[in-house]
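Numbering (UniProt numbering), first residue to last: 1 to 305.
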């Protein structure tokens, strides 16, 4: 008997099946009329839908909401998922999740001949992040001094979450990407870690200067096939606890990533690169699809004046 697909695999299959590679949306509309709600026309949308599908799958698993397939996902599950985003996402991001869920409904209904009605019952929460903090983007970068205090605490009180925080200083990737590092993607000889299935569907290789740190974590053998066995939510809770214990203001894991970006950018300028080339280099390091200079300046980099 064939193995039943996981929820993530069911989503991904439906998305791919409805992907019209090389077909322009306008041409398809002219030829087929208005029947295109379930169609995916760009790689950007393809990757975005797969990212959201993965997030939904992880949310269900982390909250022990046992659903055998996409047909079993209830509207209340979707609303709980969206509600969980209000603490860490802007309103724009939440609205983007909502639109992706609309499309996911159409692709699974078409592919599996279902009639899920997540869209009819969807409740879009207001972002608490936007209400709680007016200091976002480059203003939210954690200071080197505070980050150093957190690292020092983590090095004295080592655990999985502590190792994640220490390793982030080296690699500057998203928290989900750190906790999902596979042992097979670690090359100790080359001092490299390969990241697959990152946001946007791209692969990226990160050089590791302190390879002994990776060896130390491997020796802990937290998981048979992965570097860690914890979830991103565990790391976020740990980070909050440590900052509270040290009397520091709370910074998110993403602010640690911003710190990595700022330091990388500043070092490139010291090496003699122009601001434009330094922005391009850090954009590659952050695994963005394009340079996106405006995003870099608004969300990551404080440029020198």
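Backbone N, C-alpha and C fix where the C-beta goes; we use that ideal spot for every residue, glycine too.
CA-to-CA, the gap between residue 41 and residue 102 works out to about 15 Å. Remark: C-beta atoms of residue 15 and residue 46 approach each other more closely than 8 Å. Measuring C-alpha to C-alpha distances from residue 161 to each of 107, 227, 104 identifies 227 as the nearest. The DSSP-derived three-state label of residue 88 is coil. Cβ contact annotation for residue 230 (same chain, cutoff 7 Å, sequence separation greater than five): 160, 161, 179, in chain order. In this chain, the beta strand (DSSP E) harbouring residue 194 covers 192-195. Put simply, of 182, 213, 31, 156 the residue whose alpha carbon is nearest the alpha carbon of residue 198 is 182. CA-to-CA, the gap between residue 155 and residue 202 works out to about 31 Å. Counting C-beta atoms within 10 angstroms of its own C-beta, residue 22 has fewer than 16 neighbours from the protein chains shown and is therefore classed as exposed. By the criterion of a C-beta distance shorter than 6 Å, residue 260 is surrounded in its chain by 172, once the five residues flanking it on both sides are discounted. By the Cβ test, the stretch 163-177 is in contact with the stretch 231-240, since at least three Cβ pairs between them sit closer than 8 Å. Counting of Cβ neighbours within 10 angstroms places residue 92 among the exposed residues, the total staying below 16. If you check the CB distance, residue 27 and residue 106 do not come in under 8 Å. Under the DSSP assignment, residue 203 falls outside any beta strand (DSSP E); it carries neither an H nor an E label. Beta bridge pairing from DSSP links residue 19 with 40. Residue 256 sits close to residue 168, with the two beta carbons spaced by under 8 Å. Residue 226 is bridged by DSSP to 182.
A residue is called buried when at least 16 other Cβ atoms come within 10 angstroms of its Cβ; residue 186 meets this threshold and is buried.
Cβ atoms of residue 122 and residue 87 stay farther apart than 8 Å, at about 18 Å.
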